[in-house]
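Quick notes on the structure that follows.
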Amino acid sequence: QIYIEQGKLELALAKFEKIMKGHGVGFSQFNLYMLYVDYGFTLAKLHRFEEAIPALETGLNKNLAVPHGLNAMGYCYANLNMLQEAQDWFAKGLEYDPTNGLIWSNMAVVWMAAG
Numbered sequence: 004q005i006y007i008e009q010g011k012l013e014l015a016l017a018k019f020e021k022i023m024k025g026h027g028v029g030f031s032q033f034n035l036y037m038l039y040v041d042y043g044f045t046l047a048k049l050h051r052f053e054e055a056i057p058a059l060e061t062g063l064n065k066n067l068a069v070p071h072g073l074n075a076m077g078y079c080y081a082n083l084n085m086l087q088e089a090q091d092w093f094a095k096g097l098e099y100d101p102t103n104g105l106i107w108s109n110m111a112v113v114w115m116a117a118g
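Per this note's numbering, the sequence shown runs over residues 4 to 118.
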């Protein structure tokens, strides 16, 4: 997460891929969801949307209450021009964090694109 926060996405991705090759050793059911959400988030930030979606889905299926993961999923679908899916994911994010300005902004972009 430090590399993500520092904008060092390629370094973050390398770390995630190393962890994933080890099948998530060191992660338990308690925190495994975060590994997948952060991995998917990193892929989304790198504009690797089709790769990000399965990782995000895996993490969010384990714990849906992760607004930045829900936003990342909506962002992926929006960039793949799957606007209804994007809107649905942004709406889920707003259920957990109704004052999140980034999710609202992304939702507005989808509404504008959809007409």
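The beta-carbon is built from N, C-alpha and C at its ideal position, and this holds for glycine as well.
Everything numeric in this text was worked out from a predicted model, so none of it was measured.
Buried or exposed for residue 5, going by 16 or more other Cβ atoms inside 10 Å? exposed
Return the chain-ordered list of same chain residues with a C-beta closer than 7 Å to the C-beta of residue 118, the five sequence neighbours on each side being excluded. none
Taking only three categories from DSSP, how would you classify residue 109? helix
Where do the N-terminal and C-terminal ends of the alpha helix (DSSP H) with residue 24 fall, by residue? 12-24
According to the Cβ coordinates, are residue 69 and residue 89 closer than 8 Å? no
Output needed for residue 73: all residues of its chain with C-beta closer than 8 Å, excluding positions within five of it in sequence on either side, in chain order. 63, 67, 92, 93, 95, 96, 99 and 106
Out of 102, 49, 21 and 56, point me to the one whose CA is closest to residue 11's CA. 49
May I ask you to report which of helix, strand or coil DSSP gives residue 50? coil
With a 10 Å radius around its C-beta and 16 neighbouring C-beta atoms as the bar for buried, classify residue 33 as buried or exposed. exposed
What residue from 39, 80, 82 and 87 has the CA that sits closest to residue 65's CA? 39
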